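Protein chains in written order, with UniProt numbering: chain A, 1 to 227; chain B, 1 to 227.
2 protein chains.
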Amino acid sequence: MKEGPDIAHIAALIGDPARANMLTALMSGKALTVSELAEEAGVTIQTASSHLSKLDAGGLLRPRKQGRHKYFALASDEVAHVLEGLMGLAAGSGYLRKRTGPRDAELRQARVCYNHLAGDMGTQMFDSMIAQGHLTLDGEELVLTETGTAFVADFEIDIDGLLRARAPVCRECLDWSERRSHLAGSLGRAFLSRFEELSWAKRDQKTRVIAFSQNGAKAFNALFPAS
Amino acid sequence: MKEGPDIAHIAALIGDPARANMLTALMSGKALTVSELAEEAGVTIQTASSHLSKLDAGGLLRPRKQGRHKYFALASDEVAHVLEGLMGLAAGSGYLRKRTGPRDAELRQARVCYNHLAGDMGTQMFDSMIAQGHLTLDGEELVLTETGTAFVADFEIDIDGLLRARAPVCRECLDWSERRSHLAGSLGRAFLSRFEELSWAKRDQKTRVIAFSQNGAKAFNALFPAS
DNA sequence: TTCATGGTTCGATCTTAATCGAAGCATTTG
DNA sequence: CAAATGCTTCGATTAAGATCGAACCATGAA
């Protein structure tokens, strides 16, 4: 009589108010730090840490370390889907949660992050490459597919040179404004310098802002269409 | 911080092992009495009664009194849908209550999910109907096409009656074992009872297994060929 | 190096709620 | 009517786990 998945364990994970608040906050799709999630849930950081490791052990979260921060996001669409279903059951009409307020508009749109493109356009490029099948997530590792390699070569980036070098070619980097992934690694850097080479974009050395020309932005959007 | 639907409360309801067992038992679609559910959950009748009134208060159940018996069934397709989703998450993270045995294989192949067909054969039926153009996905919504209506009527299902009723006819339901959609809604239920009517299949009353006869399976495969 | 910051681990406390015995209703049957 | 059955309510016990202070670890900055 006791066959099948242990639904009680998973439901109990979601069933604690503090954890439910955290999960709800993560429904935005953004990754949040431990302290931010503690704040959202209204508990201390120790408590939040304990909750988050439980949620992680239950497979509901996808943690990523970056520097001395630890970011958490929902593990998959399925998790979000179940949470949505639960909200429906809870007879939910409009549930609104405050989003991170808009900061400096230019910095948010496009800026330099370790020599690669970050900000709104960075995440757009990343998402688009995933959607087009140029990049794919193999577990924790980000890999360039066959079509991706062709795509990059077509853009006149010396992909063979990058591959020969020992540095990691593709890396995910979490965006501080968007809280979503963008492309880092040697390929990320190559893309940015190619944009500059083509005069699509120009960096401001003092502010980290990247200014795209009108034509550059148009070309960029053609190459990396937003879904 | 108390605005919006209280997902923690409803998840906590599902999160107790005894209650989860009861809900899982009700996934068969049958209405069960308090004592049967107590047996299923492995608790005394008093305890079961307490659990059931909580589940009812949470809107997860639909109780019906009949003489001195009280029957409980799941409140809606949505509830069943969320439960299946939770099973998917639990199965994905490897939290199985029991290891995969012979019974498990049967469950994967064909089982009852709130009175409709789930498991391998459920997804096969769903995929086949999509492939044949009987069903189509209009955005988020699943709709029965013109040829689909004819197909269903041809199978001697009272489609007009279903359409007149207010309940949703076609719904997607995500399968926890297959991780794919199968057909739910009143049409899904009609199909399963028609299979039983034709003696193609028979449900096991204790488990959720659906056993197809040899001829039944043959006829099923002819009607819903796997791509 | 030292300091500051973000996160984790440990231990003790305390709240919540699951559980069941016993008694109380309600309905059917004899 | 009384007896039997199915379920609910009450109360006391008990076990689980949420919480936070304090100490600790790791990373980045000065």
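All C-beta atoms, glycine included, are put in the ideal place defined by N, C-alpha and C.
Predicted model, so just to flag it, every value in this text is computed and none were measured.
Using a Cβ cut-off of 8 Å, pull out every chain A residue sitting near residue i, in sequence order please.
i, result
"His-51 (chain B)", "Result: empty, since nearest Cβ-Cβ is about 12 Å, beyond 8 Å."
What separation, rounded to the nearest whole angstrom, lies between the Cα atoms of residue i and residue j?
i, j, result
"Leu-183 (chain B)", "Leu-162 (chain A)", "49 Å"
"Gly-58 (chain B)", "Ala-25 (chain B)", "18 Å"
"Leu-135 (chain A)", "Asp-158 (chain B)", "49 Å"
"Phe-120 (chain A)", "Gly-185 (chain B)", "Strictly speaking, residue 120 (chain A) in this sequence is Asp, with Phe absent from that position. Looking at the two C-alpha atoms, the distance is approximately 41 Å."
"Ala-150 (chain A)", "Arg-111 (chain A)", "26 Å"
"Asp-6 (chain A)", "Leu-55 (chain A)", "15 Å"
"Ser-213 (chain B)", "Gly-88 (chain B)", "28 Å"
"Phe-155 (chain B)", "Ser-199 (chain B)", "14 Å"
"Ala-91 (chain B)", "Leu-107 (chain B)", "13 Å"
"Arg-164 (chain B)", "Ala-190 (chain B)", "14 Å"
"His-51 (chain B)", "Arg-19 (chain B)", "6 Å"
"His-69 (chain B)", "Ser-35 (chain B)", "9 Å"
"Val-209 (chain B)", "Gly-67 (chain B)", "30 Å"
"Arg-62 (chain A)", "Met-27 (chain B)", "30 Å"
"Ala-153 (chain A)", "Thr-147 (chain A)", "10 Å"
"Leu-60 (chain B)", "Asn-215 (chain A)", "56 Å"
"Val-82 (chain B)", "Gly-29 (chain B)", "14 Å"
"Asp-138 (chain A)", "Cys-170 (chain B)", "35 Å"
"Lys-206 (chain B)", "Asp-104 (chain B)", "14 Å"
"Tyr-114 (chain B)", "Ser-53 (chain A)", "34 Å"
"Met-129 (chain A)", "Gln-109 (chain A)", "18 Å"
"Arg-203 (chain B)", "Glu-84 (chain A)", "31 Å"
"Ala-217 (chain A)", "Ala-217 (chain B)", "58 Å"
"Glu-197 (chain B)", "Ala-73 (chain B)", "23 Å"
"Leu-86 (chain B)", "Gly-122 (chain B)", "18 Å"
Taking only beta-carbon positions, decide if residue i is within less than 9 Å of chain B.
i, result
"Gly-15 (chain A)", "yes"
"residue 231 (chain A)", "Nothing in the structure corresponds to residue 231 (chain A), since chain A is present only between 1 and 227."
"Met-121 (chain A)", "no"
Under a CB-based cut-off of 9 Å, is residue i close to chain A?
i, result
"Gly-59 (chain B)", "yes"
"His-9 (chain B)", "yes"
"Met-1 (chain B)", "Per-residue confidence for Met-1 (chain B) stands at a pLDDT of 38, beneath the threshold of 50, marking its modelled position as unreliable; no derived number is given."
Note down, in chain order, every chain B residue with its Cβ under 8 Å from the Cβ of residue i.
i, result
"Ile-45 (chain A)", "The premise fails here: Ile-45 (chain A) is roughly 18 Å from chain B at the closest Cβ pair, so nothing lies under 8 Å."
"Thr-147 (chain A)", "What Thr-147 (chain A) touches in chain B: nothing, since even the nearest Cβ is about 25 Å away."
Whose Cβ in chain A lies nearer than 7 Å to the Cβ of residue i?
i, result
"His-81 (chain B)", "Gly-85"
Who are the Cβ neighbours of residue i in its own chain at under 6 Å, not counting the five residues just before and after it?
i, result
"Ala-167 (chain B)", "Ser-186"
"Leu-117 (chain B)", "Leu-192"
"Leu-37 (chain A)", "Met-22 and Ala-48"
"Phe-126 (chain A)", "Ser-181, His-182 and Leu-183"
"Gln-132 (chain B)", "none"
"Gly-188 (chain A)", "His-116"
"Val-43 (chain B)", "Ala-18"
"Glu-172 (chain B)", "Leu-142 and Ser-181"
"Asp-160 (chain A)", "none"
"Phe-195 (chain A)", "Ala-201"
Just the chain A side, please: which residues come within less than 9 Å of residue i by C-beta, in chain order?
i, result
"Ala-20 (chain B)", "Asp-6, Ile-7, Ala-8, His-9, Ala-11 and Ala-12"
Which residues in the same chain have their Cβ closer than 7 Å to the Cβ of residue i, if we skip the five residues on either side of it in sequence?
i, result
"Glu-40 (chain A)", "Asn-21, Met-22 and Ala-25"
"Gln-124 (chain B)", "Phe-224 and Ala-226"
"Ala-8 (chain B)", "none"
"Ile-45 (chain B)", "Val-34, Ser-35 and Ala-38"
"Ile-10 (chain A)", "Gly-58"
"Ala-211 (chain B)", "Ala-201, Lys-202 and Asp-204"
Might you give, ordered along the chain, the residues of its own chain that have their beta carbon closer than 8 Å to the beta carbon of residue i, omitting 5 neighbours on each side?
i, result
"Tyr-71 (chain B)", "Ala-31, Leu-32, Thr-33, Pro-63, Arg-64 and Lys-65"
For this session: Could you tell me whether the segment 77-88 of chain A touches the segment 218-226 of chain A, using the rule of 3 or more Cβ pairs below 8 Å?
Result: no
For this session: Count the C-beta pairs between the segment 135-145 of chain A and the segment 14-22 of chain B that are closer than 8 Å, then say yes if the count reaches three, no if not.
Result: no
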